[in-house]
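Trainee: To start, I am sharing the structure in question, which I have written as structure tokens.
Number of protein chains: 2
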Amino acid sequence: MTSQGAPSTQKGRATRDRIVVAAAELMYRHGVAGTSTPAVRDAAGVSSSQIYHYFADKDDLTKAVITHQSQAILAHQTPLLVTLDSFDALDSWRDVVVEAARRQNGAGGCPLGSLSSELSDDHPWARDALAAGFSAWSGAIRDGLATMVGNGALRPGTDADELALALLAAVQGGLLLAQAQHNTSALEAALNAVIAHIRGHAAGRA
Amino acid sequence: MTSQGAPSTQKGRATRDRIVVAAAELMYRHGVAGTSTPAVRDAAGVSSSQIYHYFADKDDLTKAVITHQSQAILAHQTPLLVTLDSFDALDSWRDVVVEAARRQNGAGGCPLGSLSSELSDDHPWARDALAAGFSAWSGAIRDGLATMVGNGALRPGTDADELALALLAAVQGGLLLAQAQHNTSALEAALNAVIAHIRGHAAGRA
DNA sequence: GTAGGATTGGATCGTCAAGTCCAGTCCGAA
DNA sequence: TTCGGACTGGACTTGACGATCCAATCCTAC
Chain E
0 MTSQGAPSTQ KGRATRDRIV VAAAELMYRH GVAGTSTPAV RDAAGVSSSQ
50 IYHYFADKDD LTKAVITHQS QAILAHQTPL LVTLDSFDAL DSWRDVVVEA
100 ARRQNGAGGC PLGSLSSELS DDHPWARDAL AAGFSAWSGA IRDGLATMVG
150 NGALRPGTDA DELALALLAA VQGGLLLAQA QHNTSALEAA LNAVIAHIRG
200 HAAGRA
Chain L
0 MTSQGAPSTQ KGRATRDRIV VAAAELMYRH GVAGTSTPAV RDAAGVSSSQ
50 IYHYFADKDD LTKAVITHQS QAILAHQTPL LVTLDSFDAL DSWRDVVVEA
100 ARRQNGAGGC PLGSLSSELS DDHPWARDAL AAGFSAWSGA IRDGLATMVG
150 NGALRPGTDA DELALALLAA VQGGLLLAQA QHNTSALEAA LNAVIAHIRG
200 HAAGRA
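Quick mapping for you: the protein sequence lines, in order, are chains E and L. Residue numbers 0 to 205, in numbering that gives the first Met the number 0, belong to the letters of the first sequence in order. Residue numbers 0 to 205, in numbering that gives the first Met the number 0, belong to the letters of the second sequence in order.
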């Protein structure tokens with residue numbers, strides 16, 4: 000019984016990863032409830048028992064998917080955010096986010112956002128993990144903005160925390176609307192509005 | 000067979016309404032996939048056959064729920080938005096939205112937003128209805144902002160459409176984050192940022 | 001009051017998902 | 001090389017859900 004903890008062998012780790020990656024992909028596209036364990040089994044090329052060998056139940060697998068997606072987003076976003084030292088860099092970050100959404104016509108939305116919308120209310124364990132993911136994300140944005148305060152691009156005293164939350168909310172809401180409307184106009188409008196507001200904190204103004 | 004079209008009798012209409020209201024409530028709290036037709040049957044106090052007498056299948060019922068929620072939101076929001084003639088009124092609108100979220104600790108999120116997140120990708124018929132709902136909502140906001148342009152509170156040439164989309168995205172993203180974080184700080188941050196940006200369009204500035 | 005459609009009750013069916021079981025194979029350590 | 005635990009395959013059980021069926025009742029128009 001290796002259900003708890005990481006598999007001890009190389010092969011076991013590879014199998015577990017394959018399951019998580021397949022589940023993440025399916026859950027991203029069809030939601031958690033819309034993803035059956037048989038579907039995961041087929042997509043990952045494993046048998047039923049392997050899923051339950053590595054995970055206690057579907058909730059446990061879902062938890063692993065949340066962790067996986069949080070890390071994937073951070074891995075993707077961090078490079079853009081650690082170099083956030085100017086308004087140009089902020090615009091570039093926005094362009095990357097918008098472009099990613101545009102490429103798929105808004106389909107899918109944010110991997111973390113959809114999971115959160117589906118699970119937060121009914122599953123406290125999921126909500127905690129998701130809140131942690133969002134927190135790490137907004138923390139990364141805040142650190143970027145703090146860089147801009149540090150190097151003088153933004154006025155001292157600027158509340159980087161609050162602005163980071165506003166940016167994250169704009170991303171989430173924009174992506175959600177992009178999903179329904181199949182265009183990125185709301186995402187762009189929201190990001191542009193918040194960024195324009197941030198520009199109001201540029202050093203060299205009141 | 001009265002599956003299509005409204006029931007012809009008073010009693011039939013009441014039964015149909017009871018089903019839609021019960022389904023809307025359950026789907027709001029547990030999602031569409033998390034709401035079984037037996038659960039709707041019990042909550043509405045009807046029998047299985049009645050559900051399938053008034054609706055072709057669960058998708059058809061879901062469609063009715065989307066319509067119901069769109070109308071409920073519009074009915075709730077319109078009074079606040081038709082009187083949107085000043086920045087004070089805009090702040091009041093924000094306060095109502097934030098207060099509603101705070102009252103339930105963010106739980107539930109936006110009735111339209113959660114449905115959209117769950118259904119938009121896989122169900123085109125739902126996406127169309129949801130996009131229409133969002134469109135009506137942002138349209139109502141835009142009309143409010145247009146009033147402010149008309150009465151001179153906002154500069155002529157202000158793009159009320161874009162600002163309305165930004166506000167709606169801020170609401171959606173803020174509510175989504177409130178759901179996971181159990182607080183309204185992101186919602187407030189996003190709305191404050193967008194509203195501050197709108198204030199930048201106040202008449203009497205460049 | 002009565003015909004006929006609208007409405008209702010609830011048993012029932014087919015399907016599929018979650019999770020279990022166990023027999024077997026692989027593989028590293030002694 | 002052999003022992004034991006890690007890992008794998010897939011049949012199987014159980015239960016719930018969506019949907020159907022049909023008989024019974026209501027109610028409105030005539």
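Positions of the beta carbon are idealized from the N, C-alpha and C atoms, including for glycine.
#1: Could you name the residues of chain L that E117 (chain E) contacts, counting a contact when the two beta carbons are closer than 9 angstroms?
#2: May I ask you to verify whether the stretch 88-107 of chain L touches the stretch 170-188 of chain L, counting CB pairs closer than 8 angstroms and requiring at least 3?
#3: How long is the line joining the alpha carbons of T77 (chain L) and G138 (chain L), rounded to whole angstroms?
#4: What would DSSP say about L153 (chain L), mapped onto helix, strand or coil?
#5: In the DSSP assignment, find the alpha helix (DSSP H) that holds G39 (chain E) and state where it starts and stops.
#6: So if I threshold CB-CB distances at 9 angstroms, which residues from the stretch 158-176 of chain E count as touching chain L?
#7: Which bits of chain E does Q68 (chain L) rub up against, with CB to CB less than 8 angstroms?
#8: What is the DSSP secondary structure of A201 (chain E), counted as helix, strand or coil?
#9: Just tell me which of E:G33, E:I18 and E:Q49 has its CA closest to the CA of A39 (chain E).
#10: If we count the other Cβ atoms within 10 Å of its Cβ and call it buried at 16 or more, is A155 (chain L) buried or exposed?
#11: Would R126 (chain L) pass as an interface residue toward chain E - the criterion being a Cβ-Cβ separation below 7 angstroms?
#12: With a threshold of 16 other CB atoms inside 10 Å of the CB of S116 (chain L), please say whether the residue is buried or exposed.
#13: Is it the case that the stretch 161-168 of chain L contacts the stretch 139-148 of chain L, given that we only count it when at least three CB pairs across the two stretches are under 8 angstroms?
#14: Taking DSSP as the reference, what is the three-state secondary structure of A32 (chain E)?
#15: So for H75 (chain E), helix, strand or coil by DSSP?
#16: Using DSSP with H/G/I as helix, E/B as strand and the rest coil, what is L83 (chain L)?
Mentor: So, from the listed chains and residues:
#1: G30, A32, G33, S113, S116 and E117
#2: yes
#3: 10 angstroms
#4: strand
#5: In the sequence as presented, Gly is not what sits at residue 39 (chain E); that position holds Val. Where V39 (chain E) is concerned, the enclosing alpha helix (DSSP H) stretches over T36 to A43.
#6: D158, D160, E161, L162, A163, L164, A165, L166, L167, A168, A169, V170, Q171, G172, G173, L174, L175 and L176
#7: The contacting residues do not exist; Q68 (chain L) stays about 13 angstroms from chain E at best.
#8: strand
#9: Before going further, note that residue 39 (chain E) is Val rather than Ala in the sequence given. Per the Cα distances, E:I18.
#10: Sequence check: residue 155 (chain L) is Pro here, not Ala. Answer is exposed; the Cβ neighbour count stays below 16.
#11: yes
#12: buried
#13: yes
#14: coil
#15: helix
#16: coil
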